[in-house]
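Notes for the one structure printed next.
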Amino acid sequence: MKRRRRTEILIQSNPDLAGKLADQIKQTYTYKEIVSPQYGLTMVKMRESAQKSLFYIGEVLVTEAKVEINDHIGIGIVQGMNDDLAMRLAIVDAAYNAKLPETSTWTDTLLKAETEVNHKKAKQQAEQMETKVSFETMDV
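Numbering (my numbering), first residue to last: 907 to 1046.
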């Protein structure tokens, strides 16, 4: 599973999932904190729909952490001020980068969490579509 997909699942799903996976690693391995959770700003890119060009819409506050497990670095970046989640994401990322045996059992858990996230999003979209106004029916 790619890093981006894995990270999105961990951020959007139940926050306890990232904690559970990180705890599995912390119980067995020692990790070195390279950069403790710290706050920063990052630019947000958007695509302009008419000309299809990229531009920066503004900045967003992020929390970033870096850890090392078995000479492999993991990075955790999350929007907002969330030190714990950033650290957990960094530990999970380092575990995947180090190809630790525990990571092979996480795929099913992550796929199940992704299904739940997608179901939740679909439900929210359906609720929003119920309130959408159809201007075509307003013709006189």
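Think of the CB as a built atom: it goes at the ideal place given N, C-alpha and C, for glycine as much as any other residue. Note that the structure is predicted; figures quoted are calculated from it, not measured.
Check your understanding: Ordered along the chain, which non-local residues of its own chain (more than five positions away) have a Cβ less than 6 Å from that of tyrosine 1002?
Key -> Thr1009
Practice item. Determine the DSSP secondary structure at serine 942, reduced to helix, strand or coil. Key: strand
Review point. Around the Cβ of lysine 972, are there at least 16 other Cβ atoms within 10 angstroms (buried) or fewer (exposed)?
Key: buried
Check your understanding: Exposed or buried, what is methionine 987 when buried is set at 16 or more other beta-carbons lying within 10 Å of its beta-carbon?
Key -> exposed
Exercise for review: Please classify valine 1023: does DSSP put it in a helix, a strand, or coil?
Suggested key: helix
Check your understanding: Do you know offhand how far asparagine 976's Cα is from leucine 1006's?
Key -> 9 Å
Practice item. Apply the 10 Å Cβ neighbour rule to valine 998 and answer buried if 16 or more other Cβ atoms are within range, or exposed otherwise. Key: buried
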